[in-house]
Amino acid sequence: MKKVIKELKPYVPEKTLDEMKSELGLSKLVRLSANENPYGTSKTVKDAVVNWAYSQSNRYPDSDATELRQLICQKFDLDPKQIVFGVGLDEVIVMLSRVFLEPGDVELISSPTFSEYALHAEIEEAKVEKVPVLANGGIDFSGMLQAITPKTKLVWICNPNNPTATFETVDDIENFVKQVPKETLVLIDEAYIDFVTEKNPSAMDLTKKYSNIVVMRTFSKAYGLANFRVGYAVFSKEVAEQVQKTRLPYNVNSVAQVAATAAFKDQAFVADVVEKNAVEREKLQKFFDKVGFKYYQSQANFIFFQYEDASGLAQYLLENGYLIRTGLLPNWLRITVGTSEDNQTIIKLIEKYLG
Ligand code: PMP
Numbered sequence: 007m008k009k010v011i012k013e014l015k016p017y018v019p020e021k022t023l024d025e026m027k028s029e030l031g032l033s034k035l036v037r038l039s040a041n042e043n044p045y046g047t048s049k050t051v052k053d054a055v056v057n058w059a060y061s062q063s064n065r066y067p068d069s070d071a072t073e074l075r076q077l078i079c080q081k082f083d084l085d086p087k088q089i090v091f092g093v094g095l096d097e098v099i100v101m102l103s104r105v106f107l108e109p110g111d112v113e114l115i116s117s118p119t120f121s122e123y124a125l126h127a128e129i130e131e132a133k134v135e136k137v138p139v140l141a142n143g144g145i146d147f148s149g150m151l152q153a154i155t156p157k158t159k160l161v162w163i164c165n166p167n168n169p170t171a172t173f174e175t176v177d178d179i180e181n182f183v184k185q186v187p188k189e190t191l192v193l194i195d196e197a198y199i200d201f202v203t204e205k206n207p208s209a210m211d212l213t214k215k216y217s218n219i220v221v222m223r224t225f226s227k228a229y230g231l232a233n234f235r236v237g238y239a240v241f242s243k244e245v246a247e248q249v250q251k252t253r254l255p256y257n258v259n260s261v262a263q264v265a266a267t268a269a270f271k272d273q274a275f276v277a278d279v280v281e282k283n284a285v286e287r288e289k290l291q292k293f294f295d296k297v298g299f300k301y302y303q304s305q306a307n308f309i310f311f312q313y314e315d316a317s318g319l320a321q322y323l324l325e326n327g328y329l330i331r332t333g334l335l336p337n338w339l340r341i342t343v344g345t346s347e348d349n350q351t352i353i354k355l356i357e358k359y360l361g
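In our numbering, the protein residues as written are 7 to 361.
Next up, the structure:
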């Protein structure tokens, strides 16, 4: 076995809600720790999945995810050859690490950010270098530029960033990319981009201009399809062709393709989710202002906030039926923005906890 695997600290997935409820003796538990969609999934997905031709179960799925690919290309004006699908963005992160990192290469990340970038770099025996975020939680682009050397193969930009929820403009990203050597790939993880309420937030168009840019999207968040595991990366055509060589031929199954296709067609559902999220996000941020919690301005469906007794507060919320994310930074907690009802309860609980 590779030495690196023996020493690897694995990603810890969420326990099932049933498992947690029985452990804690709770009748109700709301998970606000995984940035899932609290509004469920478009109703059209259910029909599409139920009507899927079960008789096709013995056949391999469409390896190209043709219909879904076409829809995405139409919406973002892309060439079909630019897209590589994955079993969630999780699998896309694995593919990118596998394709671009050799032992001894360097991957550059902003810190804190999504833990899977570093995990998969380690598996490829690459070195991970971190540039701390700025005081406002944003990415330190000039620090990142200074840290790049000929050994730097990948640079991750999570936008909005998990866990800080902060957002970088396309202009700032393009200005950064212009200064990055062409041999270094800039990976822009837009898992939460749908929740951004500022105008034209996506860097998708930059994939047509720069061969060293990759933009990644998922159906797990605003589309409410986390269980179906569909994500994709958009590259320049030449790079996509190389990455396709490593993709397992039938990675995205037909039911997942059907679900994602139906979800993508129902943009009204996504718009509604985004609008509700923005309202509830604002309520929660105002509440944090009121009680004096430090937090970063969120453009996502979660908020990262600081409280001196973070684990005590998280435990109190858990005992009262709300699971939030601990362990990302000492004294910091990440909470997914829930429904209006959940938000109200959370606010009352925190008020009570603070006395
Ligand atoms: N990127 C980021 C920033 C995430 O937060 C997540 C999910 N937690 C993922 C990628 C992976 O998402 P999925 O595999 O569900 O598409």
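Where a beta carbon is used, it is the ideal one built from N, C-alpha and C, also for glycine.
Check                                                                                                        : Outcome
Nearest-angstrom Cβ-Cβ length linking G110 and G237, presumed shorter than 8 Å                               : Not quite, the Cβ-Cβ distance comes to about 28 Å (not below 8 Å), so this is no contact.
Contact the region 140-154 vs the region 175-182: 3+ CB pairs below 8 Å                                      : yes
C-beta contact flag for I89 and R75 at 8 Å                                                                   : yes
Whole-number beta carbon distance between E113 and K159, since they are thought to touch under 8 Å           : 7 Å
Cβ pair count under 8 Å reaching 3, the region 335-350 against the region 304-321                            : yes
Runs of beta strand (DSSP E) wholly within the region 105-183 (minimum 3 residues, chain order)              : 112-117, 133-138, 158-164
As assigned by DSSP and simplified to three states, the class of A54                                         : helix
Sequence-distant residues of the same chain with beta carbon closer than 8 Å to T213, five excluded per side : L84, Q88, I219, V220, V221, V240, F241, S242
Nearest neighbour of L65, chosen from Y256, L334, F201 [CA to CA]                                            : Per the sequence presented here, residue 65 reads as Arg, with Leu not at that position. Comparing Cα positions, the closest option is Y256.
Rounded straight-line distance, which links the Cα of D200 to that of W58                                    : 27 Å
Contact under 8 Å by Cβ, E204 with F182                                                                      : no
Stretch pair the region 245-255 + the region 282-291: three plus CB contacts closer than 8 Å                 : no
Cβ shell of V136 (< 6 Å), same chain only, five flanking positions each side left out                        : For clarity, residue 136 is Lys in the given sequence; the question names Val instead. Around K136: I115, S117.
Inter-residue Cα distance where the pair is V276 and M210                                                    : 18 Å
Any 3 or more C-beta pairs closer than 8 Å across the region 21-33 and the region 289-297                    : no
Contact set for Q185: own chain, Cβ-Cβ below 6 Å, skip 5 residues either direction                           : L151
For W162, the nearest candidate out of T170, P169, T119 (CA to CA)                                           : T119
Paired residues, beta bridge with K214 - DSSP                                                                : Looking at the DSSP assignment, K214 forms no beta bridge with any residue, so it has no partner.
Segment limits, alpha helix (DSSP H) that includes V10                                                       : 9-13
Cross-strand partners of V221 (DSSP beta bridge)                                                             : I194, V240
A54 versus V249: straight-line alpha-carbon distance, rounded                                                : 30 Å
CB of L38 within 8 Å of CB of G333, strictly                                                                 : no
Length of the line joining the Cα atoms of L290 and I356                                                     : 11 Å
For R287, the three-state DSSP class (helix, strand or coil)                                                 : helix
Rounded C-alpha distance that separates N167 from Y60                                                        : 39 Å
Heavy atom of the ligand PMP within 7 Å of G94 beta-carbon                                                   : yes
Proximity test, C79 beta-carbon vs the ligand PMP heavy atom, cut-off 7 Å                                    : no
Distance between beta carbons of T224 and A268, contact taken as under 8 Å                                   : Going by Cβ atoms, the distance from A268 to T224 rounds to 16 Å, so no, they are not a contact pair.
Any non-hydrogen atom of the ligand PMP closer than 7 Å to G46 Cβ                                            : no
Spatial distance of Q273 from K8 (CA atoms)                                                                  : 45 Å
Buried versus exposed call for G94 [16 or more other C-beta atoms within 10 Å across all chains shown]       : buried
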